[in-house]
Each structure stands twice: as structure tokens, then as C-alpha cells.
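J.: Numbering (our numbering), first residue to last: 776 to 982.
Glycine residues also receive a C-beta, built at the ideal position from the N, C-alpha and C atoms.
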Ligand SMILES: Cc1cc2nc3c(=O)[nH]c(=O)nc-3n(C[C@H](O)[C@H](O)[C@H](O)COP(=O)(O)O)c2cc1C
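As C-alpha cells, then:
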């Protein structure tokens, strides 16, 4: 079954390495992951005063609707100064509010960070993970994806990762993420069915 995956890229740069990694993942798992990129560059900086307004900024509504409609979320991001880029943190905050209406709640997630540096965005990866844990998103543990030494040369003319260890890791992650989303959604369905059956059994006992 193809799951709807919202991909959120933490770079606005035209030639972003991370955006190209994200595209490669879409190309790899086209049959099982129905991926779409959710844009975050037009989101006004989050201000809690917005929460009380009768109508929300248009970009907030569009962004929240797109995230809400997804079965799973894949974050693909660079690291800025050993942390999560501000533009991505802003998007995470926008999705988390108004209080009690977070669109992230219970969405299975995976995190990929890519950098020309050798640490592969480890700091950013774990800051995103920390926010996901707080936001009640089951985050896939393995494989971890800190993609280091990523450069323009890592991609072919079509903009996808060339054959090699980076592509191998990302392929493994894409397969694992499909299974992760499937496991969580199936288990929830089964638990809901069990609860419904138990409820029916209780009712017929009292009838
Ligand atoms: C403001 C800024 C801070 C950065 N800090 C880091 C860093 O902490 N760690 C790192 O590996 N690379 C860092 N870089 C380099 C980025 O990894 C590199 O620019 C990368 O190409 C950005 O990702 P993108 O190609 O998807 O836009 C930084 C770049 C910028 C512009």
C-alpha cells in the first residue's frame, strides 16, 4: 500500500543538497511512498497572537492542511550552526499550534540530515528528533541518516543520488520508513477494531 508522505525540507536554497536528497527518496520509493514536498518558505514567523485570531494566515492554513492529510512525515534538513535551521523550526512551531490542535500529533516520522561536512548534520537531526518526541510523533529509530560529505558531485544529471553508499543508506531508510508507517497505522487500526469489538460484546452482555 502506498502511504502519503509529506516531505519537509529545511533549506530554501534553490540548489539545496537536502532537497535533492529528498527528491531521490521520492524517486526510490514511488510505488510504496506517495511523496509530496510541503513548502515552508512562505510561512510568516510564528507569533502566538495569531492563535487567537478568527482567521489564520493563508500560508498557515495551507501548511497545516497538507501536514494533516499525510500518513507520515519525512524531515530532510541541513544543519545550521550545529542546530535546526530557523525556517524548519518555524514550520514545526506553526504546525504545533493553536494549543491542542497540533497537526503533528501521532504522525509517524523519519529524519534525514545531509551536509558537505563530516558529521552529517547530527546536531540538527537530534534537535528535530527532540521536537518530534515532544509533539507525540513516533520517530523511526533505525537506520539513522546523518549523510556526511554530500556535495554536488553526489548527484547525477537528473538530480538524484548516484549509486554508492549514500544511495544505499537512503534506500534502506525509505524501505524501513514504509514499514514503520505501515506498522503504526495497522496497529492503531487493530487496536481500534479490538476496542469496538469489546464495546459490542459489553453491549450484548447487557442486552
Ligand atoms: C548559516 C549556516 C550555518 C551552517 N552551519 C553548519 C553546521 O553547523 N554544520 C554543517 O555540517 N554545515 C553547516 N553549514 C553548511 C551547510 O551544511 C551547507 O551550506 C549545506 O549545503 C546546506 O544545505 P542545503 O544544500 O540543503 O541548503 C552551514 C551553512 C549555513 C548557511
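Take residue 793 as the anchor and find which of 823, 853 and 846 has the nearest alpha-carbon.
T.: Selected option, being the one with the closest Cα: 853.
J.: Taking the continuous alpha helix (DSSP H) assigned at residue 977, which residues delimit it?
T.: Segment 940-981, the alpha helix (DSSP H) holding residue 977.
J.: Identify the continuous alpha helix (DSSP H) that holds residue 809 and give its terminal residues.
T.: It is not in any alpha helix (DSSP H) - residue 809 instead sits in the beta strand (DSSP E) that spans 808-812.
J.: Going by beta-carbon coordinates alone, are residue 894 and residue 850 separated by less than 9 Å?
T.: No, Cβ-Cβ distance for residue 894 and residue 850 is not below 9 Å.
J.: Could you tell me which of 813, 959, 956 and 864 sits nearest to residue 840, measuring between CA atoms?
T.: The option with the nearest alpha carbon to residue 840 is 813.
J.: Tell me the rounded alpha-carbon separation between residue 961 and residue 888.
T.: Answer to the nearest angstrom: the Cα atoms are 28 Å apart.
J.: Beta-carbon within less than 7 Å of residue 877's beta-carbon, same chain only, minus the 5 sequence neighbours each way: which residues are those?
T.: Excluding positions up to five away in sequence, the list reads 870, 871 and 910.
J.: Using a strict less-than 5 Å threshold between each residue's beta carbon and the heavy atoms of ligand 1, what residues do you get?
T.: Here the residues come out as 786, 788, 791, 792, 793, 853, 854, 855, 856, 857, 890 and 892.
J.: Would the segment 970-981 count as touching the segment 934-946 if we require 3 or more Cβ pairs under 8 Å?
T.: The segment 970-981 vs the segment 934-946: no contact.
J.: Would you mind giving the Cβ-Cβ distance between residue 845 and residue 780, rounded to the nearest angstrom? I have them listed as a contact below 8 Å.
T.: Indeed they touch by this definition, with Cβ atoms about 6 Å apart.
J.: One question on the structure: do residue 915 and residue 879 come within less than 9 Å of each other, judged by their Cβ atoms?
T.: Going by C-beta atoms, residue 915 is not nearer than 9 Å to residue 879.
J.: Since residue 898 and residue 923 are thought to touch, with beta carbons under 8 Å apart, how far apart are those beta carbons, to the nearest angstrom?
T.: The pair is not a contact, with the Cβ atoms about 13 Å apart (cut-off 8 Å).
J.: Measure the C-alpha to C-alpha separation of residue 806 and residue 787 and round it to an integer number of angstroms.
T.: Near 27 Å, if we compare the C-alpha coordinates of residue 787 and residue 806.
J.: In chain order, what residues of the same chain lie with their CB nearer than 8 Å to the CB of residue 778, ignoring the 5 residues before and after it?
T.: Here the set comprises 807, 808, 809, 846, 847, 953, 956, 957 and 960.
J.: Buried or exposed for residue 864, going by 16 or more other Cβ atoms inside 10 Å?
T.: Looking at its Cβ environment, which holds 16 or more other Cβ atoms inside 10 Å, residue 864 is buried.
J.: If you draw a straight line from the alpha carbon of residue 937 to that of residue 929, how long is it in whole angstroms?
T.: If you take the alpha carbons of residue 937 and residue 929, they lie about 6 Å apart.
J.: One question on the structure: do residue 815 and residue 862 come within less than 9 Å of each other, judged by their Cβ atoms?
T.: A contact, by the Cβ cut-off of 9 Å.
J.: Return the bridge partner residues of residue 878 from the DSSP annotation.
T.: Beta-bridge pairing links residue 878 to no other residue.
J.: Buried or exposed: residue 828, going by 16 or more other Cβ atoms within 10 Å of its Cβ?
T.: Exposed, by the Cβ-count rule.
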